[in-house]
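Protein chains in written order, with our numbering: chain B, 1 to 301; chain P, 1 to 210. See below for the structure under consideration.
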Amino acid sequence: MSKEKITLCEDLADIMPPEYHELVATATYGKEDRGWKDIGNSKELIEQHSLCAGCPESIAFRYILASLPNPEDTVFVGSTGCTSLVFPHVAVQNIHSLFGNQNAIASGLKRTLKCRFPDVEKDVVVLAGDGATVDIGLDMTMQSWFRQEKFTTICFDNELYANTGGQESGLMQKGFVAKMAPAGKTFDKVRLPEIAREAGCHYVALLTVSKPNRVERAIRNAVYIARELGPTYVQLYTPCILEIGKQSMEGLDEMKDAESIGGRFVMKEYMTDEAKKMIEDREAEEKAKRKAAKGKKPVSA
Amino acid sequence: MSQYQVKPGPEAFLPPSAASMGIVLPDPGECHIEGRIAPEEEGYEYAARKLLGAKVPTLFPGPLVLWKWNEKAAKKAAAIRALSEAIPARLIPMADYRPKYPKIDPEAEINPNHPNLTIWHNKIDVCIFIGVHCHQANLALKIIRGGTDCFTMAMCAQAGHEDACLSFRDIGVESIMKLMDAVNKLKKEGVKSQAVPFKQISMNRKGRVD
Ligand SMILES: Cc1ncc(C[n+]2csc(CCOP(=O)(O)OP(=O)(O)O)c2C)c(N)n1
Ligand code: SF4
């Protein structure tokens, strides 16, 4: 990891607007212990977004971007939907794929990057809505898991097709009536986390984005495990406040309610034994590093 | 059918893509001038004349030359700076491709999604795109031709752009130097820059530096 990758050409640096100088000077690129706590202190990899004010997807974006262990060498693969409106604002490489094709594109991309940069760890992260992940792209999603492709799939579960006005999706709960699904859903929410587990994912997490530390842990686990072992899946409940009739400030409460005991989105995490061991080893290593660094600190007078 | 010419606009809200009007890309060693294929050398002289004859000649460097991806990018940046001083021309960066409307400062930046704002605001009559990824350059060139009367040029490191009024291809540091040589040669022959006096905008983390 190196900050060199984001320096400006000296001869043209002075024509660049302040935000780019700031990106080079204070962004968390190259910082190994970057995380959600940098939000508000460092230049963030996303600042503006084009989603509805207060949309939980925007909160998710912020936490995910702050949590990526290796943003310089990460490529996002997006798909059409509300999420795709945000990608042009993100200071991480990204590719937009045809709706539903995201996991197929990511498979090819990950393999190509491995051949092209055999000595560099390149992380590929798919980020798509539930329509793209669970309905139209389900074939691509699952095939990539069966094939044990080494990348992370993140699904923004807002329980419908938000970007096109509110059609029924596989992740919608039974009985829900949306603006463009007036008859109400007649079957249960697809249990994709369980399907992911059965399909070969080494790490699966289901959570809301109300707690940044949880999101950070899930994203880091997913990325690290995908690098070493195989596919990982994170499903984030990011309710579409527009569709459920909430105000801008109410998205957070909705998520908190949903994750409280008995709620529909109480955090669930699964990992294979191999993955568990890997994460434990990594955490022990990080702890030892922190301890050593603390020991080295000069004692102030 | 008469040959379509890629002239400055304003052509229409949605101008046809030049390719659909029969304009083809130049082969290596060539350029196109308003759609006519010509030797690259002719293009340098033509471009130099356009730049010197303009009131607000402007270079739009893109991410490929603004960020130090490698030493080659840094060399291109140095050559662009030298070219801007030789003409003299404004330097307005296309730092990234985010749709920054309405927050964009059109005096200091250009954006491919609404490049016309920068052209209108600064009354730019001749410009060069350089170091802009092809698909974003295509988008911007078409919008400019649609809504402004700016003469656009593309110094493209790939195969060139039909939608520019003048396009080079396969450019590198030497090509930028060749264009600068052409500018200096014309100046020596007595051609004077018609640029209105201006001060290059300079910025740091805090904002504009005077
Ligand atoms: C191949 C294709 N089919 C359909 C569409 C239309 N389309 C655009 S966004 C969208 C819904 C996206 O829903 P989801 O993936 O749940 O994301 P959200 O907008 O809810 O975040 C659809 C169907 C498209 N763009 N491309
Ligand atoms: S429509 Fe819904 S999911 Fe899309 S940006 Fe607005 S609140 Fe968010």
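Backbone N, C-alpha and C define an ideal beta-carbon position, used for all residues, glycine too. Here the structure is a predicted model, which means the values were calculated and not measured.
Asked                                                                                                                                                                           : Found
For Met142(B), I'd like the list of residues in its chain whose CB is within less than 7 Å of its CB, leaving aside the five on either flank, ordered along the chain.          : Ala199
For the alpha helix (DSSP H) containing Glu280(B), list its first residue and its last residue.                                                                                 : 273 to 296
Is the stretch 156 to 166 of chain B touching the stretch 75 to 84 of chain B, taking contact as three or more C-beta pairs under 8 Å?                                          : yes
Between Thr112(B) and Arg208(P), what straight-line distance do the alpha-carbon atoms span, to the nearest angstrom?                                                           : 42 Å
List the residues of chain P that Glu72(B) touches, going by C-beta distances under 7 Å, in chain order.                                                                        : Ordered by position in chain P, no residue passes the 7 Å Cβ test against Glu72(B), which lies about 12 Å from the chain.
Bridge partners for Leu206(B) per DSSP, in chain order?                                                                                                                         : Gln235(B), Lys268(B)
Mark Phe129(P) as exposed unless 16 or more other C-beta atoms lie within 10 angstroms of its C-beta, in which case mark it buried.                                             : buried
Hey, how far is the Cα of Lys5(B) from the Cα of Lys68(P)?                                                                                                                      : 7 Å
Taking Cβ to Cβ, would you say Glu45(P) is nearer than 8 Å to Ala38(P)?                                                                                                         : no
Secondary structure at Phe61(B), three-state DSSP: helix, strand or coil?                                                                                                       : helix
Quick one, which of Val56(P), Val65(P), Leu52(P), Met94(P) has its alpha-carbon nearest Ile87(P)'s?                                                                             : Leu52(P)
Could you check if Tyr161(B) belongs to the surroundings of ligand 4, using beta carbon to heavy atom distance under 7 Å?                                                       : Absent from the structure shown: ligand 4. Ligands present: ligand 1 and ligand 2.
What does a CB cutoff of less than 6 Å around Val177(B) pick up in its chain, not counting 5 residues either side in sequence?                                                  : Gly184
Starting from Ser79(B) and walking both ways along the beta strand (DSSP E), at which residues does that stretch end?                                                           : 74 to 79
Please determine whether the Cβ atom of Glu254(B) lies at a distance below 7 Å from any heavy atom of ligand 2.                                                                 : no
Find the nearest neighbour of Gly170(B) within the set Cys201(B), Arg191(B), Asp123(B), judged by alpha-carbon distance.                                                        : Arg191(B)
Once you ignore the five residues that flank Gly100(B) on each side, which residues in its own chain have a CB closer than 6 Å to its CB?                                       : Ala132, Ile136, Gly137
Does Ser202(P) have its Cβ less than 8 Å from a Cβ in chain B?                                                                                                                  : yes
Please identify the residue among Gly131(P), Asp149(P), Leu14(P) whose C-alpha is closest to the C-alpha of Ala269(P).                                                          : Nothing in the structure corresponds to residue 269(P), since chain P is present only between 1 and 210.
For chain P, find out if any of its Cβ atoms is closer than 8 Å to the Cβ of Ile154(B); answer yes or no.                                                                       : no
Run through chain P and tell me which residues come within less than 8 Å of Ile279(B), C-beta to C-beta.                                                                        : The premise fails here: Ile279(B) is roughly 34 Å from chain P at the closest Cβ pair, so nothing lies under 8 Å.
Check each residue of the stretch 51 to 78 of chain P: if its Cβ is closer than 7 Å to any Cβ of chain B, include it; give the result in chain order.                           : Pro61, Val65, Leu66, Trp67, Lys68, Ala73, Ala74, Ala77, Ala78
Which residues does DSSP list as the beta-bridge partners of Val120(P)?                                                                                                         : Residue identity differs from the one stated: residue 120(P) is Trp in this sequence, not Val. Bridge partners of Trp120(P): none, in fact.
Please list the segments of the beta strand (DSSP E) lying wholly inside the stretch 108 to 143 of chain B, counting only runs of 3 or more residues, in order along the chain. : 123 to 129
Using a Cβ-Cβ distance under 8 Å, would His49(B) count as near chain P?                                                                                                         : no
Whole-angstrom Cβ separation of Asn116(P) and Ile143(P), contact assumed at under 8 Å?                                                                                          : 6 Å
So which residues of chain P does Ala25(B) contact, with C-beta pairs closer than 8 Å?                                                                                          : Arg205
Looking at the structure shown, is Pro115(P) part of a helix, part of a strand, or coil, going by DSSP?                                                                         : helix
Please state if the CB of Leu45(B) and the CB of Val86(B) are separated by a distance shorter than 8 Å.                                                                         : no
State the start and end residues of the unbroken beta strand (DSSP E) segment that holds Ile154(B).                                                                             : 152 to 157
Find the residues of chain B that neighbour Ile80(P), judging by a C-beta separation of less than 8 Å, and give them in chain order.                                            : Asp11, Leu12
Per DSSP, Leu166(P) is paired with what?                                                                                                                                        : Ile33(P), Met153(P)
Note down, one range per segment and in chain order, each alpha helix (DSSP H) of at least 4 residues found wholly within the stretch 4 to 57 of chain P.                       : 40 to 53
Following a CB-centred definition, is Cys155(B) positioned closer than 7 Å to any heavy atom of ligand 2?                                                                       : no
Quick check: does the Cβ of Ala127(P) come within less than 7 Å of any heavy atom belonging to ligand 2?                                                                        : Looking at the sequence shown, residue 127(P) is not Ala but Cys. Incorrect: Cys127(P) has no Cβ contact closer than 7 Å to ligand 2.
Quick check on Glu22(B) - is its C-beta less than 8 Å from some C-beta in chain P?                                                                                              : yes
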